[in-house]
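Numbering (this note's numbering), first residue to last: 142 to 293. To start, the structure itself, in structure tokens.
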Ligand SMILES: [Zn+2]
């Protein structure tokens with residue numbers, strides 16, 4: 142019963158950058174940071190259930206598509222918010238001020254967006270296992286080449 146209570150939903154697990162298999166362990170070693178190298182340092186395996194975070198060579202290449210979609214969605218949301226709060230008109234430069242605002246917003250959010258993209262991406266390939274304590278994670282050692290690690 143206590144275990145039932147502590148269970149994270151899919152959405153909270155992805156937003157919190159948690160391991161998709163146990164939804165508990167952290168994917169990243171450090172908190173969100175402006176130091177991009179530190180920001181993107183992942184645990185090699187989930188500290189709790191042992192799930193590998195890089196499940197094949199170049200696994201995270203696909204995150205660029207996720208990041209692209211997230212960026213477009215954020216831009217649309219910020220445009221709508223700008224339209225409602227400040228307004229848009231063809232008679233002045235408010236649209237261009239929004240462009241500047243949006244560019245700064247996206248740059249500031251970039252470290253978080255990069256992490257979120259990886260979290261979303263791995264959540265599509267690794268299944269949630271509520272009984273992760275009893276099962277072992279899938280062995281991916283033959284799909285991994287240590288020399289090519291983090292090589293994307
Ligand atoms: Zn885990």
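C-beta atoms are modelled at their ideal positions from N, C-alpha and C, and glycine is treated no differently. Keep in mind it's a predicted model, so treat the numbers as computed, not measured.
Please tell me whether, using a cut-off of 7 Å, the distance from the CB of residue i to the nearest non-hydrogen atom of ligand 1 is below it.
i           : result
residue 158 : no
residue 162 : yes
residue 170 : no
residue 189 : yes
residue 272 : no
residue 251 : no
residue 275 : no
residue 166 : yes
Does DSSP put residue i in a helix, in a strand, or in coil?
i           : result
residue 158 : coil
residue 181 : coil
residue 193 : strand
residue 274 : coil
residue 169 : strand
Determine the closest residue to residue i out of the options, with distance taken between C-alpha atoms.
i           : options            : result
residue 223 : 190, 171, 210, 241 : 241
residue 275 : 171, 175, 190, 251 : 190
residue 283 : 193, 149, 179      : 193
residue 206 : 261, 149, 231, 178 : 261
residue 171 : 163, 220, 196, 185 : 185
residue 157 : 198, 272, 258, 213 : 258
Could you pull out every residue in the same chain whose Cβ sits closer than 6 Å to the Cβ of residue i, ignoring the five residues on either side in sequence?
i           : result
residue 149 : 164
Near residue i, what residues of its chain come up, given a Cβ to Cβ distance below 8 Å and the 5 sequence neighbours on each side ignored?
i           : result
residue 268 : 161, 162
residue 250 : 215
Once you ignore the five residues that flank residue i on each side, which residues in its own chain have a CB closer than 7 Å to its CB?
i           : result
residue 246 : 219
residue 178 : none
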